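Enquirer: Under my numbering, read the sequence shown as residues 132 to 642, first letter to last.
Attaching a single structure in structure tokens format; questions to follow.
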Amino acid sequence: MASSKLPDLKSLGGAVEDGGGGKSKAKWWPGFVHFFFVLSVVLCVILYSPRLFALTSTYGLDFFVQPPPETLSRVVGQDSGGGDGGDVGDVVVLDNQLHSPCSSLPGDTICCDRSDFNTDVCFMAGDVRLDPASLSLLLFPQQRPAANATVEERIRPYTRKWEPFIMNRIEEVRLRMARPEEAPDHRCDVRHDAPLLVMTAGGYTGNLFHAFSDGFVPAWLTVQHLRRRVVLGVLSYNPWWAGTYSEIISGLSDYHVVDLLHDKRTHCFTGAIVGTRFHGILAVEPTRLRDNKTIVDFHDLLADVYENGEDIVPQKQQQQQPAAARRPRLGIVSRRGTRVIENQAAMAQLARSVGFDVDIHETANGMPLSAAYASLSACDVLVGVHGADLTKFLFLHPGAALVQIAPLGVPPIAHGCYAAASARMGLHYEQYDARGHESSLVRKYGLDDAVVSDPERAKRDKGWDFVARVYLGGQNVTLDLARFSETLSRMHARAVRVRSLPRRSRSHGSP
């Protein structure tokens with residue numbers, strides 16, 4: 132898979148570019164001849180076609196010189212055949228979600244689905260042009276809109292609309308039905324033969340968990356049916372985000388990313404999706420999609436974009452050895468700052484004595500995700516204290532196991548983030564809930580204080596700020612190795628058993 136297509140920042144020079152950003156290099160003389168040839172053809176067509184004459188009267192010669200994007204691929208909300216989404220003949224289906232109010236979207240239409248608790252999603256079918264000055268998407272209808280047609284909508288494209296604090300920091304995008312006479316002021320500088328997806332690199336997406344749960348998984352389930360024939364228009368675009376997730380970005384789109392806040396050109400599209408669907412934490416619900424995709428299919432995307440890299444080759448060579456000749460491999464997520472395993476070295480030695488080969492995966496170490504994928508995809512078990520880096524369970528192979536260590540006060544949060552998500556991906560999940568004597572909080576509060584002895588009561592009495600400051604941000608764990616050895620022994624026996632199964636059966640291996 133090629134690296135991601137970063138924003139095309141070439142100067143305009145008055146030229147109209149294609150979606151790849153490649154500007155024509157023709158000299159003025161061939162262009163001069165070509166112009167008069169095209170003009171003569173257009174005049175002949177107008178003279179001999181009353182229908183086209185009517186179009187010219189309504190939309191001007193720009194209708195011919197800059198054909199509407201729908202002449203390249205007609206965009207609608209739904210395929211009449213109820214197929215697997217994506218392309219239906221020359222029709223590009225925008226809304227892949229079943230039972231959506233926008234699922235029967237006709238051409239030249241704006242439709243928004245605001246029924247979900249977490250997210251709003253809007254669709255525009257037809258000739259869509261970006262007005263960067265006002266952060267607006269303009270829909271130029273090819274015929275007079277219906278009297279009850281939606282004229283304007285506004286949306287903040289992020290999947291936490293229930294949280295005003297962060298939503299107020301997401302830029303608002305305006306969607307508007309344009310008048311034909313506005314077309315000359317919005318001529319295309321860059322014309323794309325694909326629809327646009329508007330998403331954000333803002334919000335909480337600087338955090339790995341939120342980057343996937345709020346960002347890439349929702350984006351993928353919204354546009355995967357388009358098979359990368361979609362342009363990503365990104366709010367709050369930044370080089371760190373683009374570099375960190377370059378392979379995933381390329382897995383979503385075959386086009387250059389459009390930096391919506393800094394690219395001042397008029398980009399034109401065959402349609403637009405503004406916002407992303409959300410099915411739950413790291414979730415893809417197949418019953419809500421036309422093509423029944425699951426989180427396993429998202430895992431396949433990750434495998435597709437990462438397994439062609441240099442980092443994966445040594446791991447593949449290792450996996451080609453006979454299963455009986457290899458010890459099961461256990462990865463330990465090594466945190467810094469808070470929620471640290473204070474006796475991690477002893478825990479790693481215990482794992483080796485049980486029969487594992489052990490890899491230590493440090494967080495915030497600058498390792499590219501491709502290298503993390505290469506290492507983690509070779510692991511049979513991943514162990515770590517609750518935190519964003521456990522999101523990398525998405526890199527594990529089918530049939531592997533995730534063991535999440537939940538510090539005091541954190542078990543319900545930990546379970547909600549990763550238990551169901553890992554199970555949906557065909558992994559075995561276990562949660563090790565730390566006890567009072569394993570928490571560093573015992574040194575501050577003592578065993579008898581409710582903070583240690585009854586965390587649930589302490590959380591009710593002291594509120595979320597206390598949870599964030601003390602339970603999430605103010606404790607480490609020292610594992611009871613005698614107790615934890617039972618978990619390690621169980622995971623080792625399971626890993627050996629799963630390795631003996633055919634690869635296709637591993638995601639359904641016995642617990």
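Even for Gly, the Cβ is constructed at its ideal location relative to N, Cα and C.
Quick caveat: nothing in here was measured; it's all calculated off a predicted structure.
Taking only three categories from DSSP, how would you classify phenylalanine 409?
Expert: DSSP places phenylalanine 409 in coil when its eight states are reduced to three.
Enquirer: My guess is that histidine 623 and proline 459 are in contact by the Cβ rule of under 8 Å, so how many angstroms apart are they, rounded?
Expert: The Cβ separation is near 6 Å, so the contact holds.
Enquirer: Would you mind stating whether glycine 406 and aspartate 262 have Cβ atoms separated by less than 7 Å?
Expert: The answer is no: Cβ separation not under 7 Å.
Enquirer: Rounded to whole angstroms, what's the CA-CA distance from phenylalanine 248 to isoleucine 412? Just pull it up for me.
Expert: For phenylalanine 248 and isoleucine 412, the distance between alpha carbons rounds to 13 Å.
Enquirer: Starting from methionine 255, follow the beta strand (DSSP E) in both directions and report where the run begins and ends.
Expert: Taken as a continuous stretch (DSSP letters only), the beta strand (DSSP E) holding methionine 255 covers 252–262.
Enquirer: Work out the CA separation of alanine 314 and leucine 270 for me, nearest whole Å.
Expert: When rounded, the distance between both Cα atoms is 10 Å.
Enquirer: Got a sec? Which residues, its chain only, sit under 6 Å from glutamate 438 by beta carbon, not counting five neighbours each side?
Expert: Once the five neighbours on either side are set aside, glutamate 438 has no close Cβ partner at all.
Enquirer: Three or more C-beta pairs closer than 8 Å, one from the segment 387–400 and one from the segment 253–260: is that the case here?
Expert: Output reads yes: the segment 253–260 touches the segment 387–400.
Enquirer: Taking just the CA atoms, how far does leucine 268 sit from arginine 307?
Expert: Each residue's Cα considered, the two are about 6 Å apart.
Enquirer: Any chance the segment 269–287 sits against the segment 335–349, with 3 or more Cβ pairs inside 8 Å?
Expert: Verdict: no, contact absent.
Enquirer: Short of 7 Å in beta carbon distance, which residues of its chain neighbour valine 89, apart from the five on each side in sequence? Order them along the chain.
Expert: This structure does not reach residue 89, given that the chain is present from 132 up to 642, and the question cannot be answered.
Enquirer: Quick check on glycine 604: buried or exposed, where buried means 16 or more other Cβ atoms within 10 Å of its Cβ?
Expert: Glycine 604 is exposed by the Cβ-count criterion.
Enquirer: My output table needs one value for leucine 525: the three-state DSSP class, helix, strand or coil.
Expert: In the structure shown, leucine 525 sits in a helix (DSSP, three-state: H, G or I).
Enquirer: Buried or exposed for threonine 202, please, with buried defined as at least 16 other CB atoms from any protein chain shown within 10 angstroms of its CB.
Expert: Residue placement at threonine 202 cannot be trusted, given a pLDDT of 38 that sits under 50; what the coordinates show is reported in the next sentence. Flag for threonine 202 reads exposed.
Enquirer: Three-state secondary structure (DSSP) at glycine 567?
Expert: The answer is helix: DSSP assigns glycine 567 an H, G or I state.
Enquirer: How is serine 267 classed by DSSP in three states: helix, strand or coil?
Expert: Note: serine 267 maps to strand in three-state DSSP.
Enquirer: Buried or exposed: where does alanine 350 fall if 16 or more other Cβ atoms within 10 Å of its Cβ makes it buried?
Expert: Buried is the call here.
Enquirer: Could you tell me the distance, in whole angstroms, from the CA atom of leucine 527 to the CA atom of aspartate 520?
Expert: Their Cα atoms are separated by approximately 13 Å.
Enquirer: Output needed for serine 589: all residues of its chain with C-beta closer than 6 Å, excluding positions within five of it in sequence on either side, in chain order.
Expert: Sequence inspection shows alanine at residue 589; the serine mentioned does not correspond to that position. If we look at alanine 589 and ignore the five residues flanking it on each side, its Cβ neighbours are Ala581, Val582.
Enquirer: In three-state DSSP terms, what is alanine 325?
Expert: In this structure, alanine 325 counts as coil in the three-state DSSP scheme.
Enquirer: Shortest alpha-carbon distance to serine 571 belongs to which of Arg300, Leu481, Thr469?
Expert: Selected option, being the one with the closest Cα: Thr469.
Enquirer: Between which residues of its own chain and leucine 328 is the CB-CB distance below 6 Å, once the five residues before and five after are set aside?
Expert: These residues qualify, in order along the chain: Val354, Val361, Leu363, Ile404.
Enquirer: Report all residues from its chain with a CB closer than 7 Å to the CB of arginine 245; omit the five preceding and five following residues, and keep chain order.
Expert: Answer for arginine 245: Asp251, listed in chain order.
Enquirer: Around the Cβ of phenylalanine 487, are there at least 16 other Cβ atoms within 10 angstroms (buried) or fewer (exposed)?
Expert: It is buried - the Cβ of phenylalanine 487 has at least 16 other Cβ atoms within 10 Å.
Enquirer: On the CB-based measure, 16 or more other CB atoms within 10 Å of its CB, does asparagine 299 come out buried or exposed?
Expert: With fewer than 16 other Cβ atoms within 10 Å, it is exposed.
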